[in-house]
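**Q**
2 protein chains.
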Amino acid sequence: MWCNAAMGRAQTGTGARPPRATIIDVAREAGVSPATVSRVLTGSKPVSAGPEQRVRAAVARLGYRPNPAAQGLLRGTTSAVGVVVPDLSNPYFAEVLKGVTNAAQHADFRTLVADTGEKAATERDAALELSRWADGVVLCSPRMSQWELTELAAAVPRLVCVNRLSRGTSIPAVAVDFEAGVASICHHLRELGHRRVAYLRGPARAWSERARQRGLRAAAGPDLEIVQIPCGSSSVDGHRAADAALATRATAVMAFSDYVALGALARFDELGVSVPDEVSLTGFDDISLSRLVSPRLTTVTVNKQDLGRRAWELFVETGADGEDGPVVMVTPELVVRASTAAPADMAGSLPKTAVDR
Amino acid sequence: MWCNAAMGRAQTGTGARPPRATIIDVAREAGVSPATVSRVLTGSKPVSAGPEQRVRAAVARLGYRPNPAAQGLLRGTTSAVGVVVPDLSNPYFAEVLKGVTNAAQHADFRTLVADTGEKAATERDAALELSRWADGVVLCSPRMSQWELTELAAAVPRLVCVNRLSRGTSIPAVAVDFEAGVASICHHLRELGHRRVAYLRGPARAWSERARQRGLRAAAGPDLEIVQIPCGSSSVDGHRAADAALATRATAVMAFSDYVALGALARFDELGVSVPDEVSLTGFDDISLSRLVSPRLTTVTVNKQDLGRRAWELFVETGADGEDGPVVMVTPELVVRASTAAPADMAGSLPKTAVDR
DNA sequence: AGGCCAGCGGAAAACCTTTTCCGAAAATCA
DNA sequence: TGATTTTCGGAAAAGGTTTTCCGCTGGCCT
Numbered sequence: 001m002w003c004n005a006a007m008g009r010a011q012t013g014t015g016a017r018p019p020r021a022t023i024i025d026v027a028r029e030a031g032v033s034p035a036t037v038s039r040v041l042t043g044s045k046p047v048s049a050g051p052e053q054r055v056r057a058a059v060a061r062l063g064y065r066p067n068p069a070a071q072g073l074l075r076g077t078t079s080a081v082g083v084v085v086p087d088l089s090n091p092y093f094a095e096v097l098k099g100v101t102n103a104a105q106h107a108d109f110r111t112l113v114a115d116t117g118e119k120a121a122t123e124r125d126a127a128l129e130l131s132r133w134a135d136g137v138v139l140c141s142p143r144m145s146q147w148e149l150t151e152l153a154a155a156v157p158r159l160v161c162v163n164r165l166s167r168g169t170s171i172p173a174v175a176v177d178f179e180a181g182v183a184s185i186c187h188h189l190r191e192l193g194h195r196r197v198a199y200l201r202g203p204a205r206a207w208s209e210r211a212r213q214r215g216l217r218a219a220a221g222p223d224l225e226i227v228q229i230p231c232g233s234s235s236v237d238g239h240r241a242a243d244a245a246l247a248t249r250a251t252a253v254m255a256f257s258d259y260v261a262l263g264a265l266a267r268f269d270e271l272g273v274s275v276p277d278e279v280s281l282t283g284f285d286d287i288s289l290s291r292l293v294s295p296r297l298t299t300v301t302v303n304k305q306d307l308g309r310r311a312w313e314l315f316v317e318t319g320a321d322g323e324d325g326p327v328v329m330v331t332p333e334l335v336v337r338a339s340t341a342a343p344a345d346m347a348g349s350l351p352k353t354a355v356d357r
Numbered sequence: 358m359w360c361n362a363a364m365g366r367a368q369t370g371t372g373a374r375p376p377r378a379t380i381i382d383v384a385r386e387a388g389v390s391p392a393t394v395s396r397v398l399t400g401s402k403p404v405s406a407g408p409e410q411r412v413r414a415a416v417a418r419l420g421y422r423p424n425p426a427a428q429g430l431l432r433g434t435t436s437a438v439g440v441v442v443p444d445l446s447n448p449y450f451a452e453v454l455k456g457v458t459n460a461a462q463h464a465d466f467r468t469l470v471a472d473t474g475e476k477a478a479t480e481r482d483a484a485l486e487l488s489r490w491a492d493g494v495v496l497c498s499p500r501m502s503q504w505e506l507t508e509l510a511a512a513v514p515r516l517v518c519v520n521r522l523s524r525g526t527s528i529p530a531v532a533v534d535f536e537a538g539v540a541s542i543c544h545h546l547r548e549l550g551h552r553r554v555a556y557l558r559g560p561a562r563a564w565s566e567r568a569r570q571r572g573l574r575a576a577a578g579p580d581l582e583i584v585q586i587p588c589g590s591s592s593v594d595g596h597r598a599a600d601a602a603l604a605t606r607a608t609a610v611m612a613f614s615d616y617v618a619l620g621a622l623a624r625f626d627e628l629g630v631s632v633p634d635e636v637s638l639t640g641f642d643d644i645s646l647s648r649l650v651s652p653r654l655t656t657v658t659v660n661k662q663d664l665g666r667r668a669w670e671l672f673v674e675t676g677a678d679g680e681d682g683p684v685v686m687v688t689p690e691l692v693v694r695a696s697t698a699a700p701a702d703m704a705g706s707l708p709k710t711a712v713d714r
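Keeping their order, the protein sequence lines are chains S and L. Numbering follows this note's numbering, in which position 239 of the first sequence is assigned residue number 239; successive positions increment by one, without gaps. In short: position in the second sequence from 1, add 357, done, that's this note's numbering.
As structure tokens, then:
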């Protein structure tokens, strides 16, 4: 009766691939029952030295590794976390993914990844599909509507958002405090003496853009005028919108992200516009190359891997308390580098140290 | 149609943990046997209209989705591919991952990812672990020894390498033809009139570095001298090695990668060394930012997503023929931008600006 | 020294789906 | 109309592991 499995193996073994050893093979090899093998490997119950030794030897000899599908079937859990990102080409998301992956690896979890190609329509399906194979999903900067997100949260066992807060619903989330980041940039520019700043807008529907807008509204005032320039989130967008920004005669350009800023910087270079002598420029995110370009970019720094790590922590917590919706805010830090300076026309009509508030 | 999901939610939303519906629940709901449900969903055998309709209705009503673990257990296959990368922070690998993911997604495969943190020692374990949960593994630029790699290939059902060829063994691989890339850069520099080029070396043990060395050896000759500078693969390494490169009094600096080149470029900028007026500079890979810096970087371009896509194709083929070891070589293309020019001392014998540290 | 308890290990059920085998019903042909 | 083929659907096994339940053995206490 035991021979069935063995014969099956021998039979298929004729080809190239030796079929994987099962727990039954190990049990037979060690002269114990499958239950004992399981106990040795999982440590669920103590096993005396003799059998344990034989089991371990047999496992090593056969190169046995438990079948995850069978384990998953029984445990009802997969030891995997899904990560949905809009675009893996974007180092920002790659970093967040790395943060999640490293934390997960540490907890013996696998990471499943899906790239939605920036298409909001596929986010739902990707998350749903991943949730079948994982214990939960981390959703990076989801572009989907609030309503869709709420609905998704009900369908996915454990959903954690990154850089997307949803008021009202109880979706755990970790997000950069874009509002504070924008505020600190505004403060910096105003201190330098800038009074008119062109802002290169990100995608209008993005939550992070809306958060930035809140920061801008708070910072704007009689001594700081913000001129909005439709732009986008890529360096190409920044390159394209640079001319429009210059046309506003603003003394500083504040970009949606470092990527956008670098695109604008390239355009300024083409136009022979000197940064920061003729115009100041700021980014957001502090991607690794922002300190390599010249002039080195003034920006706001946020540890993206940390963002991912915290998302993982939220993921783990969520499993425990079930229905809570904790929100972790990460405050970014202003990094002043060489791309910002006092405006060239400081000598003119405006007070050079008009820093109030 | 959308309402079905909504109703499912309403139903499950009441408690804390709604147990997922099984095929048996669906069968009962539809008044058929589980076998029929399976047949409707997989299409393995025709089912007449009446039961089919009822099954589909029941599936929608219950929000049923088959348990992948059970399917995997039975089929012996996971519909997943593992990708092991040295560092997700490196956009190069992120792009390759994206290529694999997109291709896999297209074939209804999931992607599992592991980051080894550039540590060769963990590559083996990561690949082995991933292979338990996936049907095979794509190994990106593995740093492990040849011997380890061969051993790993025996343990992992379907192993595909990216940017790592192993003579002798039959591991399918897709790789950039670094040799040809380096040759085209050398050719370009020689044509401009450069006779002495400093090469910022990558990691000595890296296969891609050894391939580059072959290209350098082939290109070197009486009219082109190559001076080797130990460096590394990061922008920080490039920044650090830039001074040594200048000290060689070479008229051109050829960097291991764009990253390294950008680091060197930043250092040149700090030193007030003008590129390409005083020294030419080249990269490798054509990362997205190389066209944004000033001067725009002359480099060699390779479609990294395509690399990933081809790795996927190899992965699929490998499943079919079993023991073949096809190798796909991707020839990169020289992109001449603004960071290379004829050497300044074309007229005289020695550089007029003898920059020594 | 005998009885009781603890500890160890085996048998079997359960997890959920797919697929094979088989019976029944319907359709087709003679 | 009766026999044969085709079609359709159900019962059950298989896939590998974990875990519960239970029996057995050995040690310890009285």
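All C-beta atoms in this analysis are idealised placements derived from N, C-alpha and C, irrespective of residue type, glycine included. Since the model is a prediction, treat every value here as computed from it, not as a measurement.
Which of the three DSSP states is assigned to L:G659 in this structure?
**A** First, the residue type needs correcting, since residue 659 of chain L is Val and not Gly in the sequence shown. Of the three classes helix, strand and coil, the one that applies to L:V659 here is coil, per DSSP.
**Q** Do you know whose CA, among S:S294, S:R201, S:Q146, S:R210, lies nearest S:C231's CA?
**A** Closest by alpha carbon: S:R201.
**Q** Does S:E179 pass the burial test, meaning 16 or more other C-beta atoms within 10 Å, or should it be called exposed?
**A** Buried: at least 16 other Cβ atoms inside 10 Å.
**Q** Using a Cβ-Cβ cut-off of 9 angstroms, state whether S:R291 counts as contacting chain L.
**A** Yes, because at least one Cβ of chain L sits closer than 9 angstroms to the Cβ of S:R291.
**Q** Classify L:Q585: buried if its beta carbon has 16 or more other beta carbons within 10 angstroms, exposed otherwise.
**A** Label assigned to L:Q585: exposed.
**Q** Should S:W147 be labelled buried (16 or more other beta-carbon atoms within 10 Å of its own) or exposed?
**A** Exposed.
**Q** Hey, how far is the Cα of L:G420 from the Cα of S:V84?
**A** Approximately 22 angstroms, taken between the alpha carbons.
**Q** Rounding to the nearest angstrom, what Cα-Cα distance links S:D306 and L:T639 in this structure?
**A** Their Cα atoms are separated by approximately 33 angstroms.
**Q** Check whether the Cβ of L:D492 lies closer than 9 angstroms to any Cβ atom in chain S.
**A** By this cut-off, L:D492 is not an interface position.
**Q** If you run the structure through DSSP and keep just helix, strand and coil, what is L:T639?
**A** It is a strand residue.
**Q** From which residue to which residue does the alpha helix (DSSP H) around L:C543 run?
**A** Counting along the chain, the alpha helix (DSSP H) containing L:C543 begins and ends at 535-549.
**Q** Could you give the first and the last residue of the continuous beta strand (DSSP E) run that contains L:T605?
**A** Premise fails: L:T605 is in no beta strand (DSSP E) and is neither H nor E.
**Q** Does DSSP put L:I324 in a helix, in a strand, or in coil?
**A** Residue 324 of chain L is absent from the model: chain L starts at 358 and stops at 714.
**Q** Taking buried to mean at least 16 other C-beta atoms within 10 Å of its own C-beta, is L:Q462 buried or exposed?
**A** Buried.
**Q** Check whether the segment 496-515 of chain L and the segment 432-448 of chain L are in contact - that is, three or more C-beta pairs closer than 8 angstroms.
**A** Touching, per the Cβ criterion.
**Q** Which residues does DSSP pair with L:C518 in a beta bridge?
**A** DSSP output for L:C518 lists L:L496, L:A530 as bridge partner(s).
**Q** What residue ranges within the segment 573-637 of chain L form continuous alpha helix (DSSP H) runs of no fewer than 4 residues, ordered along the chain?
**A** Taking only runs of at least 4 residues, the alpha helix (DSSP H) segments lying wholly in the segment 573-637 of chain L are 592-604, 615-628.
**Q** Please report the straight-line C-alpha distance between S:S79 and S:A220, rounded to a whole angstrom.
**A** Distance between the alpha carbons of S:S79 and S:A220 is about 48 angstroms.
**Q** When you check each C-beta in the segment 98-124 of chain S against every C-beta of chain L, which residues fall closer than 8 angstroms?
**A** Here the close residues are K98, T101, N102, Q105, R110, T111, L112, V113, A114, D115, G117.
**Q** Strictly by DSSP, which residues pair up with L:G439?
**A** DSSP lists L:L469, L:V494 as partners of L:G439.
**Q** Along the chain, where does the beta strand (DSSP E) containing L:E508 start, and where does it finish?
**A** Segment 503-512 is the alpha helix (DSSP H) holding L:E508; no beta strand (DSSP E) there.
**Q** Just to confirm the assignment, what range does the beta strand (DSSP E) spanning L:R553 have?
**A** Looking at the DSSP string, the run of the beta strand (DSSP E) that includes L:R553 is 553-557.
**Q** Against S:P68, what residues of chain L qualify as contacts under a CB-to-CB distance less than 9 angstroms, listed in chain order?
**A** Here the neighbours are A426, G429, T435, R489, W490.
**Q** With a threshold of 16 other CB atoms inside 10 Å of the CB of S:M254, please say whether the residue is buried or exposed.
**A** Under this definition S:M254 is a buried residue.
**Q** Keeping to the same chain, check which residues put their C-beta closer than 8 angstroms to that of S:A218; ignore five residues upstream and five downstream.
**A** So the qualifying residues of the chain are E179, A183.
**Q** Along chain S, which residues have their Cβ under 9 angstroms away from the Cβ of L:L619?
**A** In chain order: L289, L292, V293.
**Q** Of all Cβ atoms in chain S, is any one closer than 9 angstroms to the Cβ of L:P448?
**A** Closer than 9 angstroms: yes.
**Q** Excluding the five sequence neighbours on either side, which residues of its own chain have a C-beta within less than 6 angstroms of the C-beta of L:G679, listed in chain order?
**A** With a pLDDT of only 49 at L:G679, under the threshold of 50, the placement of this residue in the model should not be trusted, and no figure is reported.
**Q** Within the 9 angstroms Cβ cut-off, does L:R653 reach chain S?
**A** Answer yes: the Cβ-Cβ gap between L:R653 and chain S drops below 9 angstroms somewhere.
**Q** Does S:L281 get closer than 9 angstroms to chain L when you measure Cβ to Cβ?
**A** Not an interface residue.
**Q** Taking Cβ-Cβ distances below 8 angstroms as the criterion, which residues of the segment 622-636 of chain L are in contact with chain S?
**A** Going along the segment 622-636 of chain L in chain order, one finds L622, A623, D626 with a Cβ nearer than 8 angstroms to chain S.
**Q** Which one or two residues does DSSP pair with L:V673 in a beta bridge?
**A** The partner list for L:V673 (beta bridge, DSSP) is empty, contrary to what the question assumes.
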